[in-house]
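In terms of the UniProt record's numbering, the sequence shown is residues 1 to 154.
Before any comments, here is the structure.
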Amino acid sequence: MAHRERTFIMIKPDGVQRGLIGKIIQRFEEKGFKLVAMKFMQASEELLQKHYADLAGRPFFSGLVKYMQLGPVVPMVWEGLNIVKTGRDIIGATNPMDSAPGTLRADLCVQVGRNIIHGSDSVPSAEKEISLWFTPDEIANYSLALDSWIYEDN
Numbered sequence: 001m002a003h004r005e006r007t008f009i010m011i012k013p014d015g016v017q018r019g020l021i022g023k024i025i026q027r028f029e030e031k032g033f034k035l036v037a038m039k040f041m042q043a044s045e046e047l048l049q050k051h052y053a054d055l056a057g058r059p060f061f062s063g064l065v066k067y068m069q070l071g072p073v074v075p076m077v078w079e080g081l082n083i084v085k086t087g088r089d090i091i092g093a094t095n096p097m098d099s100a101p102g103t104l105r106a107d108l109c110v111q112v113g114r115n116i117i118h119g120s121d122s123v124p125s126a127e128k129e130i131s132l133w134f135t136p137d138e139i140a141n142y143s144l145a146l147d148s149w150i151y152e153d154n
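Here it is as structure tokens:
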């Protein structure tokens, strides 16, 4: 297949509490992307501070970390062609009010502080986030039988 990327996608506590895990996974699977790692966990303060380190100087940082600890999260690794960009397109803008209709955030969210999902914004960010949340042994390496129906250069 053409260049495969991996991206980090995480369903936030509000997405878990609202019962949106299956709907979110379904959107990525229907697009033709492959789930290669997933956990259901309560994230520690230390892990969240590392994950959101680029936002540490922002006034909302401590509130964000506390919010992310309110319940379990579902960190995932997805694989596919141009998945970092396309994953962000599926998710929508950070602020749901700025998201295009048909995106997860436009369809399922109202406020930026409860936007249900995180997605890597670049390939380097994806690599960093994946290595923070998963060990190499936790990422499956397999082929989908459907790949030849999704990608023309298998």
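Note that beta-carbon positions come from the ideal geometry of N, C-alpha and C, so glycine has one too.
Can you list, in chain order, the residues of its chain whose CB lies under 7 Å from that of residue i, leaving out five sequence neighbours each side?
i	result
residue 65	45, 48, 49, 52
residue 91	103, 104, 105, 117, 119
Assuming contact is defined by CB atoms lying nearer than 9 Å, are residue i and residue j in contact in what I supplied?
i	j	result
residue 21	residue 9	no
residue 119	residue 71	no
Sort the options by Cα distance to residue i and report the nearest one.
i	options	result
residue 42	61, 69, 16	69
residue 143	12, 135, 33, 111	33
residue 38	145, 140, 150	140
residue 95	62, 89, 19, 112	112
residue 79	14, 15, 149, 31	31
residue 14	27, 73, 147	73
residue 16	114, 62, 100	114
residue 82	12, 11, 151	151
residue 67	131, 136, 11	11
Closer than 6 Å by C-beta to residue i: which residues in its own chain qualify, once you throw out the five before and the five after it? Chain order, please.
i	result
residue 84	5, 7, 120, 123, 126
residue 133	75
residue 61	55
residue 93	99
Counting contacts by CB-CB distance shorter than 9 Å, is residue i in contact with chain B?
i	result
residue 108	In the structure shown, chain B does not exist; there is a single protein chain.
For residue i, which residues from the same chain have a beta carbon less than 8 Å from its beta carbon, with the 5 sequence-adjacent residues on both sides left out?
i	result
residue 28	9, 35, 78, 87, 90
Checklist line | the segment 55-65 in contact with the segment 95-107 per 3-pair CB rule at 8 Å | finding: By the Cβ criterion, the segment 55-65 is not in contact with the segment 95-107, since fewer than three pairs of Cβ atoms, one from each stretch, lie closer than 8 Å.
Margin query: To test your reading of the DSSP string, which unbroken beta strand (DSSP E) runs of 3 or more residues are found completely within the segment 25-102?
Written below: 34-38, 74-81
Next item on the list: Write down every uninterrupted run of the alpha helix (DSSP H) in the segment 126-154 whose length is 4 residues or greater and which is fully enclosed by it, in chain order.
Entry: Listed in chain order, they are 147-150.
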